[in-house]
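Read the structure below first, then the notes.
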Amino acid sequence: MATTSPLLFLLLHELLVLSMALSVHAKVGENTNLTRESFPPGFVFGTASSAYQVEGNALKYGRGPCIWDNFLMHPGATPDNATANVTVDEYHRYMDDVDNMVRVGFDAYRFSISWSRIFPSGVGKINKDGVDYYHRLIDYMLANHIKPYVVLHHFDLPQVLQDQYNGWLSPRVVGDFEKFADFCFKTYGDRVKNWFTINEPRMMAVHGYSDGFFAPGRCTGCKVGGNSATEPYIAGHHLLLSHAAAVKTYPYYVFQADQNGKIGILLDFVWYEPLTDSIEDGYAAHRARMFTLGWFLHPITYGHYPETMEKIVQGRLPNFTFEQAEMVKGSADYIGINHYTTYYASNYINETEKNYRNDWNVKLSYERNGVPIGKKAYSDWLYVVPWGIYKAVMWTKEKFNNPVIIIGENGIDQAGNETLPGALYDTFRIDYFEKYLHELKCALNDGANVIGYFAWSLLDTFEWRLGFTSKFGIVYVDRQTFTRYPKDSARWFRKAKGREDANRERKGRGAKHTHRETWRLRRAASSCPPESLTSVMRPFPSQPRRGGGHGSKGAQGCRCGQLAADSKKILSWEAQGSFVSSQRIQHAGFRRILPNGHTEKQTEGEERQRRETQRERNMAATASLKSSLLLPSPISDFSGAAVSLSTQKRRRSWQPRGARMQVSAAADSKNILVMGGTRFIGVFLSRLLVQEGHQVTLFTRGKAPITQQLPGESDAAYAEFSSKVLHLKGDRQDFDFVKTSLAAKGFDVVYDINGREAVEVEPILDALPKLEQYIYCSSAGVYLKSDLLPHCEADAVDPKSRHKGKLETESLLTSRGVNWTSIRPVYIYGPLNYNPVEEWFFHRLKAGRPIPIPGAGNQITQLGHVKDLATAFVKVLGNPKASQEIFNISGAKYVTFDGLARACAKAGGFPEPELVHYNPKDFDFGKKKAFPFRDQHFFASIEKATSVLGWTPEFDLVEGLTDSYNLDFGRGTFRKEADFTTDDMILGKKLATV
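First residue of the sequence shown? That's 1 in full-length UniProt numbering, and the numbers climb one at a time after it.
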């Protein structure tokens, strides 16, 4: 009588459990609409990265080399021969990235600490610059309510340890890793409550020591030597012992008991599905899972390696001592699973050589009967198989006693050569996330204990052996400027998953504390010279902290010294550190406080050299501060170069004088916010400001594209300009948002275009107490209910006038002691106008229709070209003559309504128009507008602007209208379709009268 083998019984039990789970989860792959409420309370959504892939600055700030630095020195190591020496420069731009996490709505950030940035030699001497960097990163995350999930090691072993004793092949590495972990727990453990020891130890062991694909590149037959049959198991053994040793060290500091800290490990897990229903393929899939996830999770759960591995690998698999087994067993509060894809597995024995991969006795394939397992991503190894994550999680639940699980990585890549704007349209990534999260939700419903999900990755990072040819980010990074651009998937996470509600909740929990703390951290980070940092680690919890602990009024914002509880009481230098004052030190020499408390007098030459070195090293950090962590506008604006389009048929050719917009460079760069008018006036203004070297941010409601590329503008100029313009989306009447967001950005100058009410200005002033200039723009003149013409600037204020607010605003600015300038244009016209008066005339001229003009057609009006207005805006910037002054801005000459119709005909090359005059009181047009101007209008003098500012309008009326026609209507683009309904009413009555 045949008996069932224990392994077969185990396999049958496994299949039974999975089939029962799948019977409950009846519709694998079904898509549903997910929200944050779809997941349990407290479920964490975050994004992940690693130090080597995002920090850059591999050769700077005291960091020692790691094994990947050496490995990538060999030509061909990556397809594009890229290195991570710079990558996406998160070392300087971490605040940008944290702010983007907040904007997307993530709860947490999973990042790693570079071992060689803390200990350049692996052990011994500490690099203070590196220590302080992680202090700043962690503090800024906490100030913005982003939880840090810290990984102690992510592939980047210090090269010194590899040189000394072959790294993970030596048992010495266990002790050195324990010391590194011990230091991190002491230094950051008072704020970090969630830790991972090692990311994907299997990948390091296999690709580093079996096939040589990863650093250090060892294998049988590899140039640096190796043994593919034994070394991966030895390295994996020491990685597992290092993990357990770190976990054993963690409770010694009572962080877990006092602060509810948790620690775990991150394991990669591809789901392996049997190719067929045969028992052999079922065994094969089981072996594949045990040789991957089971290799590490089985000892952590049960204290020994899987029997499947022990039976096949035998003596090549190291043994645990009794003490080691006790240390490894139970050494995780949670398990991080990095899951991307699923493969088919079938039984296959390859005895050509002994190595880790052949030990599986498994053949992997991506299709069954010619049908792919799923849609392939850019990378050959990644297929979209959403149901795989469900099976992987449920198998882990059943096999390893239902552990607490965090999905540590999950994502899909695109080609690295995709550029803007196409790279932003990643609907395939949205589809991937949506379907995988749906399957994960099904696993939760079926009892899996999953508490978090981390998308890989926030940014398009350096992807190891793929370099920059593969991009997993939900935020695009310009490789030249390092500007961050949100992709559609970032917006999906924010909108489709209900992150906006979570974001509002986050702000509500501590908006005042958050924006104040954010502002202080930014100011501190921009002032800290890396070479002068002397504070190594935060005080232990048992020691009193200067300024209070995290979450109190005295939260420490910078590791270069103890930040005072009151941000107004910042000292130039402190004996405990070296916090630089926001005020510039002006004398030739100064006294620096040394660690021993003594002072050192520096000569003028030494001080000059020190300042120059500091300036260079802080340049990128200052740029990060200036950029204010905003998501940039992906679309460009007007080009200062001359633009010309030939008119067709009856239209003559004309070239606008775009070169006249060139303005000399500003003396110093300003961080400038432009509010309102960003689709018209702001387009041209921002172009001029960028040309002068200023950082420009456009504040919009986000209802339409911010700007657009104009005819004649080269793609290169368009891309260069768009990379320098930032975008802040919001509602200016959401005063809490305005205060919080603007306070964190620290703008120097505000251009308030189309401003009206003082109540909307006050929150801006509250948020920016150190504002250098407020440039306010509201229409000239005051409209009165009167038949008298024209209305002039000296008229009394009508209480019902919608423009009375400008006077109240100017009064408010004066009372607050703000350096303000008020710009008052009359009618502004030109290309891109979203309410163009000239378009009304062009429609009728193109159709060959008569043009109805109210009254006798002799009403006086005044028009100014948008480019002339933009030049006037720049003229007042930083101009002491403009302080608390009002300037009317318009064209140099007045024009009648009849004259304007004839000017539009000239501009478009149309024949002299037929003009029909009518009395508006004879008609009831309802809500329709019969004429683009008010029949009661005004004009204003520009003499003051000309004499005081030295500004003169460059465009006469016909030239300006031609410029507008060439760039808009003449090329077939317009804001509103032609509507001749009111024209027909007027002309019909006129004809009947005649």
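Heads up, the beta-carbon is just placed ideally off N, CA and C, and yes, glycines get one too.
Remember, predicted model here, so these are calculated numbers, not experimental data.
Unbroken beta strand (DSSP E) run spanning residue i, endpoints
{"i": "residue 271", "result": "271-274"}
{"i": "residue 195", "result": "194-199"}
{"i": "residue 963", "result": "Looking at the DSSP string, residue 963 is not in any beta strand (DSSP E); the run it does join, the alpha helix (DSSP H), is 957-967."}
{"i": "residue 112", "result": "108-112"}
Of the residues the options, the one placed nearest residue i, counting alpha carbons only
{"i": "residue 298", "options": "240, 866, 276, 717", "result": "240"}
{"i": "residue 33", "options": "424, 495, 282, 191", "result": "495"}
{"i": "residue 113", "options": "132, 988, 701, 106", "result": "132"}
{"i": "residue 387", "options": "342, 396, 423, 375", "result": "342"}
{"i": "residue 732", "options": "723, 698, 718, 715", "result": "698"}
{"i": "residue 816", "options": "771, 83, 115, 826", "result": "771"}
{"i": "residue 844", "options": "969, 490, 153", "result": "969"}
{"i": "residue 242", "options": "212, 305, 171", "result": "171"}
{"i": "residue 434", "options": "899, 384, 183", "result": "384"}
{"i": "residue 238", "options": "291, 229, 283, 296", "result": "296"}
First and last residue of the uninterrupted alpha helix (DSSP H) at residue i
{"i": "residue 178", "result": "172-188"}
{"i": "residue 136", "result": "128-143"}
{"i": "residue 66", "result": "That residue, residue 66, is in no alpha helix (DSSP H); it is neither H nor E in DSSP."}
{"i": "residue 231", "result": "231-249"}
Pair within 7 Å by beta-carbon distance, residue i and residue j
{"i": "residue 178", "j": "residue 245", "result": "yes"}
{"i": "residue 331", "j": "residue 247", "result": "yes"}
{"i": "residue 289", "j": "residue 302", "result": "no"}
{"i": "residue 174", "j": "residue 461", "result": "no"}
{"i": "residue 809", "j": "residue 885", "result": "no"}
{"i": "residue 66", "j": "residue 159", "result": "yes"}
{"i": "residue 129", "j": "residue 208", "result": "no"}
{"i": "residue 339", "j": "residue 269", "result": "yes"}
{"i": "residue 777", "j": "residue 838", "result": "no"}
{"i": "residue 134", "j": "residue 185", "result": "no"}
{"i": "residue 848", "j": "residue 897", "result": "no"}
{"i": "residue 855", "j": "residue 889", "result": "no"}
{"i": "residue 356", "j": "residue 414", "result": "no"}
{"i": "residue 436", "j": "residue 373", "result": "no"}
{"i": "residue 875", "j": "residue 684", "result": "no"}
{"i": "residue 361", "j": "residue 262", "result": "no"}
{"i": "residue 690", "j": "residue 745", "result": "no"}
{"i": "residue 48", "j": "residue 493", "result": "no"}
Outcome for residue i when other beta-carbon atoms lying within 10 angstroms are tallied against a minimum of 16
{"i": "residue 912", "result": "exposed"}
{"i": "residue 681", "result": "buried"}
{"i": "residue 973", "result": "exposed"}
{"i": "residue 322", "result": "exposed"}
{"i": "residue 961", "result": "buried"}
{"i": "residue 314", "result": "exposed"}
{"i": "residue 189", "result": "buried"}
{"i": "residue 397", "result": "buried"}
{"i": "residue 861", "result": "buried"}
{"i": "residue 480", "result": "exposed"}
{"i": "residue 125", "result": "exposed"}
{"i": "residue 694", "result": "buried"}
{"i": "residue 924", "result": "exposed"}
Beta-carbon contacts of residue i that lie in its chain and below 8 Å, excluding the five residues immediately before and after
{"i": "residue 881", "result": "948, 949"}
{"i": "residue 80", "result": "416, 467, 468, 469"}
Proximal residues to residue i (C-beta, below 6 Å), its chain only, five neighbours per side dropped
{"i": "residue 44", "result": "107, 108, 452"}
{"i": "residue 883", "result": "819"}
{"i": "residue 39", "result": "none"}
{"i": "residue 980", "result": "none"}
{"i": "residue 402", "result": "449"}
{"i": "residue 312", "result": "359"}
Same chain only: Cβ atoms within 7 Å of residue i, ignoring 5 sequence neighbours per side
{"i": "residue 368", "result": "275, 344"}
{"i": "residue 336", "result": "196, 264, 265, 266, 267, 406, 408"}
{"i": "residue 227", "result": "220"}
{"i": "residue 141", "result": "98, 109, 148"}
{"i": "residue 58", "result": "69, 84, 85"}
{"i": "residue 814", "result": "884"}
Contact test: residue i Cβ vs the ligand ZN heavy atom, cutoff 6 Å
{"i": "residue 373", "result": "Looking for the ligand ZN in the displayed structure turns up nothing, as the structure carries no ligands at all."}
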